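Participant:
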Amino acid sequence: MILRNILTAASALALAACAVGPNYAEPKSASAPLATGPFVSANSPAVSLAPVAGDWWRLYDDPVLDGLVGDALAANTDVRIAVANIARARASLRGARADR
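Each residue of the sequence shown is one higher than the last, beginning at 18 in this note's numbering.
1. Kindly indicate the opening and closing residues of the alpha helix (DSSP H) around Gly84.
2. Trp74 and Val86: beta carbons closer than 8 Å?
3. With DSSP collapsed to three states, give me the class of Ser28.
4. How would you write the range of the alpha helix (DSSP H) that Val96 sits in, first residue to last?
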(Lines of atoms letter the chains of each structure in order from A; the text may use other names.)
(Lines give C-alpha, C1' and ligand atoms only; values in the text may rest on other atoms or scores of the structure.)
Protein backbone atom coordinates (compact mmCIF):
# COMPACT_ATOMS: atom_id res chain seq x y z
CA MET A 18 0.00 0.00 0.00
CA ILE A 19 2.81 2.41 0.86
CA LEU A 20 4.63 1.55 -2.37
CA ARG A 21 1.46 2.24 -4.34
CA ASN A 22 1.10 5.68 -2.72
CA ILE A 23 4.74 6.48 -3.43
CA LEU A 24 4.39 5.44 -7.08
CA THR A 25 1.21 7.50 -7.44
CA ALA A 26 2.87 10.57 -5.95
CA ALA A 27 5.97 10.11 -8.13
CA SER A 28 3.81 9.77 -11.24
CA ALA A 29 1.86 12.91 -10.37
CA LEU A 30 5.08 14.85 -9.81
CA ALA A 31 6.53 13.59 -13.09
CA LEU A 32 3.43 14.65 -15.02
CA ALA A 33 3.35 18.05 -13.30
CA ALA A 34 6.98 18.63 -14.22
CA CYS A 35 6.08 18.28 -17.90
CA ALA A 36 3.36 20.94 -17.74
CA VAL A 37 3.94 24.33 -19.35
CA GLY A 38 2.69 27.52 -17.71
CA PRO A 39 -0.09 29.64 -19.26
CA ASN A 40 2.32 32.42 -20.28
CA TYR A 41 4.70 30.20 -22.23
CA ALA A 42 5.91 31.71 -25.50
CA GLU A 43 7.81 29.65 -28.03
CA PRO A 44 11.24 31.09 -28.85
CA LYS A 45 11.48 32.87 -32.19
CA SER A 46 14.66 31.09 -33.25
CA ALA A 47 15.99 28.00 -31.56
CA SER A 48 18.85 27.48 -34.00
CA ALA A 49 22.45 28.45 -33.39
CA PRO A 50 23.93 31.36 -35.33
CA LEU A 51 25.57 30.39 -38.59
CA ALA A 52 29.33 30.26 -38.88
CA THR A 53 30.70 32.92 -41.19
CA GLY A 54 34.32 31.82 -41.46
CA PRO A 55 35.73 29.70 -44.27
CA PHE A 56 35.85 25.94 -43.99
CA VAL A 57 39.26 24.62 -42.95
CA SER A 58 40.04 21.21 -44.34
CA ALA A 59 42.62 18.77 -43.02
CA ASN A 60 44.89 19.69 -45.94
CA SER A 61 45.00 23.33 -44.88
CA PRO A 62 48.29 24.79 -43.63
CA ALA A 63 46.36 25.86 -40.51
CA VAL A 64 46.02 22.19 -39.55
CA SER A 65 49.28 20.63 -38.49
CA LEU A 66 50.32 17.21 -37.25
CA ALA A 67 53.48 18.64 -35.71
CA PRO A 68 53.89 18.06 -31.99
CA VAL A 69 52.54 20.78 -29.75
CA ALA A 70 55.04 22.89 -27.83
CA GLY A 71 55.60 21.93 -24.21
CA ASP A 72 54.45 25.35 -23.03
CA TRP A 73 51.39 25.59 -25.30
CA TRP A 74 49.41 27.60 -22.74
CA ARG A 75 51.73 30.57 -23.28
CA LEU A 76 50.12 31.02 -26.71
CA TYR A 77 47.14 32.57 -24.90
CA ASP A 78 49.38 35.29 -23.39
CA ASP A 79 47.43 35.17 -20.12
CA PRO A 80 49.35 35.81 -16.90
CA VAL A 81 46.61 34.20 -14.80
CA LEU A 82 46.78 31.00 -16.85
CA ASP A 83 50.59 31.07 -16.67
CA GLY A 84 50.39 31.33 -12.89
CA LEU A 85 47.85 28.53 -12.57
CA VAL A 86 49.83 26.18 -14.79
CA GLY A 87 53.04 27.07 -12.94
CA ASP A 88 51.39 26.30 -9.60
CA ALA A 89 50.01 23.01 -10.93
CA LEU A 90 53.37 21.93 -12.31
CA ALA A 91 55.14 22.85 -9.07
CA ALA A 92 52.62 20.93 -6.97
CA ASN A 93 52.51 17.87 -9.24
CA THR A 94 55.17 15.66 -7.73
CA ASP A 95 53.77 12.36 -9.01
CA VAL A 96 55.98 12.22 -12.09
CA ARG A 97 59.06 13.33 -10.17
CA ILE A 98 58.44 10.69 -7.52
CA ALA A 99 57.95 8.02 -10.20
CA VAL A 100 61.21 9.03 -11.92
CA ALA A 101 63.03 8.94 -8.58
CA ASN A 102 61.58 5.49 -7.80
CA ILE A 103 62.73 4.17 -11.17
CA ALA A 104 66.21 5.58 -10.62
CA ARG A 105 66.34 3.99 -7.16
CA ALA A 106 65.18 0.62 -8.54
CA ARG A 107 67.80 0.75 -11.30
CA ALA A 108 70.52 1.57 -8.77
CA SER A 109 69.38 -1.31 -6.59
CA LEU A 110 69.44 -3.63 -9.61
CA ARG A 111 72.96 -2.51 -10.51
CA GLY A 112 74.04 -3.17 -6.92
CA ALA A 113 72.48 -6.63 -6.96
CA ARG A 114 74.19 -7.48 -10.25
CA ALA A 115 77.52 -6.22 -8.94
CA ASP A 116 77.33 -8.59 -5.95
CA ARG A 117 77.23 -11.65 -8.21
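Note that the Cβ used here is the ideal one computed from N, Cα and C, for glycine as well.
Predicted, not measured: the structure shown is a model, and the values here were computed from it.
Facilitator: In short:
1. Pro80 to Ala92
2. yes
3. helix
4. Asp95 to Ala115
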